[in-house]
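Notes for the one structure printed next.
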Amino acid sequence: MGTLLLGRIARIHLDDDVLAHVHAVIISKLRVREPVSIAWVSEEGLRDEVIVNPSTTVVATFESARPPKLDRAWLNRLMMAANSVRGLNLTPQLVQAFRLDQDAAASAVDVAPGEAEPARRMPLPAE
Numbered sequence: 001m002g003t004l005l006l007g008r009i010a011r012i013h014l015d016d017d018v019l020a021h022v023h024a025v026i027i028s029k030l031r032v033r034e035p036v037s038i039a040w041v042s043e044e045g046l047r048d049e050v051i052v053n054p055s056t057t058v059v060a061t062f063e064s065a066r067p068p069k070l071d072r073a074w075l076n077r078l079m080m081a082a083n084s085v086r087g088l089n090l091t092p093q094l095v096q097a098f099r100l101d102q103d104a105a106a107s108a109v110d111v112a113p114g115e116a117e118p119a120r121r122m123p124l125p126a127e
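So the sequence shown is numbered by our numbering: it starts at 1 and just counts up by one.
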């Protein structure tokens, strides 16, 4: 499990593969000087939300030294969410959907989960 630090105010714990995708989307937004809203459920069970702007320090710390593979379909889904009014909503359902996509792609090519890059695009859930 990795950690996403957003300035001095937020610490979010995510699995390395999910963290890699979220981090890539945040960095993409910040490179074009666009802020992004991020929401998650804290360890205390509270919903937290923060606006990350280009002056915010963003640090991703991964448990594994091996970089996770990035899935273009998931990056597109997360970028669409980041560009929406609600922003990135890092719910347990999002992580579960990520896992289901990985497992489906892995079984389609008969390899272990997490070792295959999904080749299909999944529609975004209706907001």
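The C-beta atom is built at its ideal place from N, Cα and C for all residues, glycine as well. In this text, all values refer to a predicted model and were calculated from it rather than measured experimentally.
Boundaries of the alpha helix (DSSP H) in which residue 46 is found, first to last residue: No residue range can be given for residue 46, since it is assigned to no alpha helix (DSSP H) and is classified by DSSP as neither H nor E.
As assigned by DSSP and simplified to three states, the class of residue 106: Note that residue 106 scores 48 on pLDDT, short of 50, meaning its location in the model is unreliable and no value can be drawn from it.
Pairwise C-alpha distance: residue 10 and residue 35: Their Cα atoms are separated by approximately 15 Å.
Length of the line joining the Cα atoms of residue 47 and residue 16: C-alpha separation (whole angstroms): 21 Å.
Same chain, Cβ closer than 8 Å to residue 1, neighbours up to 5 away in sequence not counted: Here the set comprises 13, 14, 15, 16 and 63.
Reference residue 4; option with closest CA among 65, 59, 101 and 69: The candidate whose alpha carbon is nearest that of residue 4 is 59.
Minimum C-alpha distance to residue 61 - residue among 24, 101 and 38: For residue 61, the closest of 24, 101 and 38 by C-alpha to C-alpha distance is 24.
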